[in-house]
Every structure is written in structure tokens, then in C-alpha cells.
Amino acid sequence: MTLLEIKDLKVHYPIKGGFFNTVKDYVKAVDGVSINIPEGTSYGLVGESGSGKTTTGKAVMGLNHITGGDILFDGRKLNTSGRKVDVRDDIQMIFQDPYSSLNARKRVIDIVAEPIRNYHKQSKNELMEAVLDLLDRVGLPRDALYKYPHEFSGGQRQRIGVARAIALNPKLIIADEPVSALDVSVQAQVLNFMQEIQRDMNLTMMFIAHDLGVVRHMCQHIGIMYQGRLVEEGTAEDIFSNPQHIYTKRLIAAIPDTNVDRIERNLEMRQTVKTEYDQNFSDYLDDGGRAFPLQSISETHRVALPVKG
Amino acid sequence: MDNKDNRGRMGRGREENRSEEERNEQERVRRREQIGDRETASDGRPRAKDAFEARSDDEHRYEKGDMDMSVKADLPHGVAGHGALDSKNLPKSTPGWKILIQEVIADKLALFSLIIFVLITSYVFGLTMFLDRQTIVTVDLFAINQPPNEEFRLGTDYGGRDIFGQLIIGTRNSLAIGILVTIMSVGFGIAYGVISGYFGGQIDNMMMRVVDFFMVLPFLMIIIVFVTISPSYDIFTFSLIMAAFLWTGTARLVRSLAIQEKELDYINASKTLGSSHMKIIFTQLMPNLVGIIIVNSTLSLAANIGIESGLSFIGFGFPEDYPSLGTLMAYATNSQTLQHRWWIWVPAAVLILLLMLCVRNIGEALRRAGDARQRQA
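What follows is the structure in C-alpha cells.
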């Protein structure tokens, strides 16, 4: 069953200029993205910086205004005009930067308890129990309760962020590059325990990343974004073993390989992909420099290939 | 490695190519062996191929050394060392006022300043209850310009009025005005700035134009006009007219900081966690502005005392029979007084300096208390 459905989402920002400060043009941060995320699965959204991944995630959270398109959560439309559907206890977000996403003036207990205080009336003791339980779950010691964020390492801070996000037992978590600010050894820890939590709580996750290795590890479905549009979408298997779009190919070629024996082969492969990319990339974009609409090439696999003829 | 290098260097030109290849081959073999070693060396079983699975048995337990930064303020003695904490054995959180007190006590300069400030204010406010302003400001021609003596502890001015009494009442008036103006202007400025900065857009645009309007008004001029045409005014109305023009600076400062802070993710996080705007402003945004607000209000307290004294000094504050620190300083405009009758203006000047320094030092300690990273206690 589809939990989150994004239909033709558009987020445009006006560029103002000129003498009368009129709208000259639009930055199309997200331009017609459609995504379906089935319940209990992870969807990885990958792309270079500025490709609109985070904007898409924030639009789902209601942190951005939406120019066009629909977002349906569990069958309910989120971007209605007028009274807002309050699903904030069902959708939560893990932020990219564990430093700025925790208020430096707040103690861990206040940070983690904030959503609980907003949605459930609880006595002080119950609240304390709930927070302790959450800390246990994300693997933080209990005496972290009265500490301030600056007393923790990056990985521990990200765990506080996760504890806060799962405090309300949400159904969907939008993880906005949750590990890109952490060093590699801590990345693995945080990712593994996010997977554990996902299994335990049957969470649906939208995983925004620019690291294909991370996404491969976490996600069943992957979408590749370029300039605000999806260029390829499919299962992890589809994307990694049968990439069709040249942009996807280039991304996959860029994944570092630790096998020493394959250095030459990888280098050669990268060179061929690069030549192909340099020669043919414009063929994969329409006249306006945008990716083509997605076409199905198998049941799960959709690619923005140029329209023939 | 070294050996090989040496051999390579010593080898004659013809052999060089061959030995290079050889060396490369050897190097490759050695590297492969090393990797093989690494895969099994530590625990005898091969490491998983996928880097991410390498830690799959990681229990994410608290590792010692990870967080041994102890929180002195938050843990009662003895608890920190005793390992596992269950929900009954939890450390009590330290209430905010206690942190404030601890911080002021830890900073000896601030403590000293606080004691002096409290002594001066309580002495001044206590003594004014027993002093009669009318008798003090009554002109006594038989006792003009007397240096300090038994009857007049700080001498008299050219009207034979007791300087000590004027100093006490003047300090009371100046302090009261300074504090009142600060509370009013900073309070309004903060509310205005935070709302303007947090909501942004059109609201911000409109609110800031109002601020611009107030800033282009020549406020000293208007106060002077007010003082000239107003038949009677007391401390409160005088403070109000000053505060009506002095809030703009605070509003602009707070707005700029609020704009900076609201872009940070913790505000976004709060929104996604379901907190209302008011709650975000008061519980998330404000605590992060506290530092600058305290610095700003202590500085403006000092400045406001200064502005009042200045207005009185140029003769547009309170009249001579309504003493303030400024009216006492104004006597120094007379060169005779400046040169020969130090007892009239030096005590007032010293008191202004002392009060401002004290306020500043206390404010500094309060600012640190508001920021957990800078606390000394």
C-alpha cells in the first residue's frame, strides 16, 4: 500500500530584478517530480547538490511553499488550501546538520520531549520514562538527559535527532542526508541503527542522500534527480545493475571501489563513461536543458530517455 | 622497501627499466598479502566485504571516554560516579535561577560589582526615604560654596544646598529613570524585533518602515521640546518619552539576530515537531537571543543613565531643585566650580562611572549564564 504519494510536485522560486523589482524568471528547484513510497520501505532520493532533493523532502514536511502538484499521505491530501491537515505526528524529519538542528540552549530532555509535550498530555514522570526509553532505543546513556548538545559528538547528536523524530511513533520519516555531516566510521553506526529502528517500528523512510553507497545500503527503491527532475527511478537492483540514463551511469561509475586489483579496470570504465557523458549528455536533455519525462522500461524501472524521432 | 630502493638507485641505467617492472610486481604482491593479512589478522575471521556490515554487531553501547565531560552543575555530588542510573536515581536538573547565581558567584568581578551595586542602590533608595527634598534644595545664602565639613558632608553648592543630599536623591532619580527607560525600551524593542524578524516578508517590511520613521526623528530635539512645553512631568513620563525613541536600536538588533537564527534547522525541526509560532519564539528563539539581549540591555542601561545625565547637564532634564546626577555634573560648566570646588561634581562623576562599570560586569556574567558553552561555574 502506498503511504506517501507525490504527484507532479513543483517548487519554483521567483527571481526578482529590474527597476520595479518585478518577477523576471523562476528557479525551478523541483519541477514535476512524482514519487510513490509503499509502506514499510525506504526510498532513496539521490542527486548532486542543488538538484532539489532536500526541497522535495521539505515540501512534504510543509516547510516550503508548493507551486504545483499534490502530496498525498495515507490517502489524505496535505497541501490543501485552507485548513491544514495536521499529520506532523505521522511524518517526521531527521535533519542534515546535527549541529544546527539541535537548539544549543536546550537540554537533551527538553529537545526529545518537545514533540511529546506538543501532542500528549503527560505527567512529569511519564514524560521522563518516555524520554529515557527513547534514549535507550537510540543507544544514548541515561545520564545524557540533562546534558547540552555541545557535550556530544556528531554521531551522538544525530542520535538525539533520531530520538526526537521517532518520539511520536511516526509512520514516515524523511531523512535529509542524515549522515553526510558525520565521518565515515560513525556513518555506518548511525545507518545501521536507523535500519534497526526502521525494522522495529515498521517505518517508511524517504532517504535523501548524495552518497550512492549509503542509499544502496538503506533503500529498496531509488530515484535519481537532476536539476529538479527525476532522471531514473527503480529498485536498487535496477539502478545499480542496469543503469540506463547517462547521468546515473556517471554517478555509479564515481562510487569508489576498495578492490586494488580493479584500479585499472575502474579507471578505464570511468573514462569511457566520461567520454560518453561529455559527448551525449545534451541528447538526454530537451531544448530547455530539462530531463525528459520518465518512460517505463520494465515494471519497476523508469528512465527519462529521449523521445525517439 | 628501503633495500629495494637502494638497489634501484644503485642499478645501472640499462637495468633500471627492468628492475622497475620487477619492483612494481613485487610491490603489488606485497600489497595483496598485506590486505589478506588485514582481513583476518585481528579476530581470526574474515571481515565482511561490505563496509557497512562491518559494524552490524555493534550494539551502540555507551563507550567510556565518549562522553566523560562531566556536568558539574547538573549532577548532585556522588551521582556522577555511580554507574547506571535508573529512573529513580536520576540527577535533578538545575533550575535556571540557580545557574544564574552560580555564574555570578563564580565570576569574582561580577560578584564584587553586584555587591557594590546592591549596596549603592539600597543605601540610596533607603536614605531617600529619610531625606526631605524640599529642605535640601532650599537655598541657604549663609552657607554657599562650603567645602566638606561636619555639617555638610560633601559641602554645598553656590546656593548653599547640601551636595550629599542632592547626590543621594540625584542617584535615586538617575537610576530610576535609567532602569525604567531600559525596561520599557528594551522590552518593547525585543517584542517588536523578534516578531518582525521571525515572521519576515511583508510584516517585516512594514514594521521596519515604522522603525525607520522613528529613527529619522531628531529625538533629543523632541525631548527638549517636550521638556520645554510640558508644565509638569515626573520620572515616569520623562522615562516614557525617552523610551518612545530609544527602542528602535534594540528592535533592529534583535530583528537581525532573529532572522539569522530562524534560518537554522532547529527552528524548522520545532515546526515539524508541532510547536506553535508563539512557542517557538518563546522557547526556541528567545533563549538563543538572551546573550545579546542582556548585553544590549546592560549597555543601554548605562547609556540611558548617561542620556538622562546629559539632558540634565545641558539643562533640559530635571530642574535644579529636582536633582539628578546630571544636574550635579552641570555645575562643572562653571570654570570656578570645575577648578576650585571639586566636591560638587567629582562625587557625581565617580558614582556614574562606578554604576556603569558595575552594571556592565553583572551583565557580562548574566550573558555567560545564558550560554551553556561559556559558563564558568
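Residue numbers (full-length UniProt numbering), protein chains in the order written: chain A, 1 to 309; chain B, 1 to 377. Just so it is clear, CB atoms sit at the ideal spot from N, CA and C, and this is done for glycine as well.
Go through its chain and collect everything with a Cβ distance to residue i's Cβ below 8 angstroms, but skip five positions before and after it.
| i | result |
| --- | --- |
| I115 (chain B) | none |
| D58 (chain B) | Bear in mind that the predicted position of D58 (chain B) carries a pLDDT of just 41, short of 50, making it unreliable; the figure below should be weighed with that in mind. Excluding sequence neighbours, D58 (chain B) sits near nothing in its chain. |
| M201 (chain A) | I166, N169 |
I'd like to know whether the C-beta atoms of residue i and residue j end up nearer to each other than 8 angstroms.
| i | j | result |
| --- | --- | --- |
| I255 (chain A) | V162 (chain A) | no |
| S42 (chain A) | M205 (chain A) | yes |
| K24 (chain A) | H12 (chain A) | no |
| P149 (chain A) | R142 (chain A) | no |
| M128 (chain A) | I91 (chain A) | no |
| R153 (chain B) | V211 (chain B) | no |
| L366 (chain B) | L119 (chain B) | no |
| A243 (chain B) | V181 (chain B) | yes |
| Y44 (chain A) | H221 (chain A) | Looking at the sequence itself, residue 44 (chain A) is Gly, so the reference to Tyr does not match. Yes, they are a contact pair. |
| V131 (chain A) | A113 (chain A) | yes |
| L191 (chain A) | V214 (chain A) | yes |
| Y277 (chain A) | G47 (chain A) | no |
| F219 (chain B) | I177 (chain B) | no |
| V254 (chain B) | I314 (chain B) | no |
| I344 (chain B) | G197 (chain B) | no |
| S270 (chain B) | I280 (chain B) | yes |
| A302 (chain B) | R368 (chain B) | no |
| L72 (chain A) | E126 (chain A) | no |
| G223 (chain A) | E233 (chain A) | yes |
| L357 (chain B) | S113 (chain B) | yes |
| V108 (chain A) | L145 (chain A) | yes |
| I235 (chain B) | N173 (chain B) | yes |
| S49 (chain A) | H210 (chain A) | yes |
| T250 (chain B) | N296 (chain B) | yes |
| I144 (chain B) | Y158 (chain B) | yes |
How would you label residue i, buried or exposed, when you count the other beta carbons within 10 angstroms and need 16 or more for buried?
| i | result |
| --- | --- |
| K53 (chain A) | buried |
| K262 (chain B) | buried |
| A348 (chain B) | buried |
| W97 (chain B) | exposed |
| V221 (chain B) | Sequence inspection shows Met at residue 221 (chain B); the Val mentioned does not correspond to that position. Result: exposed. |
| P178 (chain A) | buried |
| Y284 (chain A) | buried |
| G126 (chain B) | exposed |
| F193 (chain A) | buried |
| V260 (chain A) | exposed |
| H277 (chain B) | exposed |
| Y247 (chain A) | buried |
| M184 (chain B) | buried |
| R76 (chain A) | exposed |
| R159 (chain A) | buried |
| D265 (chain B) | buried |
Excluding five sequence neighbours on each side, which residues of the same chain lie with their C-beta closer than 6 angstroms to the C-beta of residue i?
| i | result |
| --- | --- |
| G170 (chain B) | P323, S324, L325, L328 |
| G228 (chain A) | K28, A29, V30, D31, G52 |
| L311 (chain B) | G317 |
| P38 (chain A) | T2 |
| G68 (chain A) | K10 |
| P243 (chain A) | K249, I252 |
For residue i, collect the residues of the same chain with a Cβ closer than 7 angstroms to its Cβ; drop the 5 residues on either side in sequence, then sort them by chain order.
| i | result |
| --- | --- |
| D176 (chain A) | T54, G57, M93, I94, F95, Q96, I208 |
| A167 (chain A) | V112, P115, I116, L134 |
| D162 (chain B) | I136, F152, T156 |
| G18 (chain A) | K24 |
| G363 (chain B) | I294, V295, T298 |
| R270 (chain A) | A253 |
| G155 (chain A) | L182, V186, Q189, V190 |
Tell me, please, which residues DSSP counts as bridged to residue i.
| i | result |
| --- | --- |
| R302 (chain A) | A:E233, A:S296 |
| K16 (chain A) | A:V23 |
| H150 (chain A) | Paired residues: none, contrary to the question. |
| E5 (chain A) | A:N36, A:L72 |
| Q92 (chain A) | A:I173 |
| I160 (chain A) | Partner(s): none; I160 (chain A) has no beta bridge. |
| H221 (chain A) | A:Y43, A:T235 |
| K208 (chain A) | According to the sequence displayed, residue 208 (chain A) carries Ile and not Lys. I208 (chain A) pairs with A:L45, A:D176. |
| Y226 (chain A) | A:R229 |
| L167 (chain B) | Paired residues: none, contrary to the question. |
Should residue i be listed as close to the ligand GTP, given that the test is whether its C-beta is under 7 angstroms from any heavy atom?
| i | result |
| --- | --- |
| I252 (chain A) | Looking for the ligand GTP in the displayed structure turns up nothing, as the structure carries no ligands at all. |
Using a Cβ-Cβ cutoff of 8 angstroms, what residues of the stretch 252-271 of chain B are near chain A? List them in chain order. L264, D265, Y266, N268, A269, S270, K271
Note down, in chain order, all residues in the stretch 274-296 of chain B with a beta-carbon under 7 angstroms from any beta-carbon belonging to chain A. Within the stretch 274-296 of chain B, G274, S275, Q284, P287, N288 place their CB atoms closer than 7 angstroms to a CB of chain A, listed in sequence order.
Quick one: which residues of the stretch 46-66 of chain A get their C-beta closer than 7 angstroms to a C-beta of chain B? List them in chain order. M61, L63
Closer than 7 angstroms, Cβ to Cβ, to anything on chain B: give me those residues from the stretch 247-268 of chain A, in chain order. V260
Residues of the stretch 89-107 of chain A with a CB closer than 8 angstroms to any CB of chain B: list them in chain order, please. D89, I91, Q92, M93, F95, Q96, D97, S100, S101, L102, N103, A104, R105, K106, R107
Chain B contacts from the stretch 118-144 of chain A (Cβ-Cβ distance under 9 angstroms): N118, Y119, N125, M128, E129, L132, V138, G139, L140, P141, R142, D143, A144
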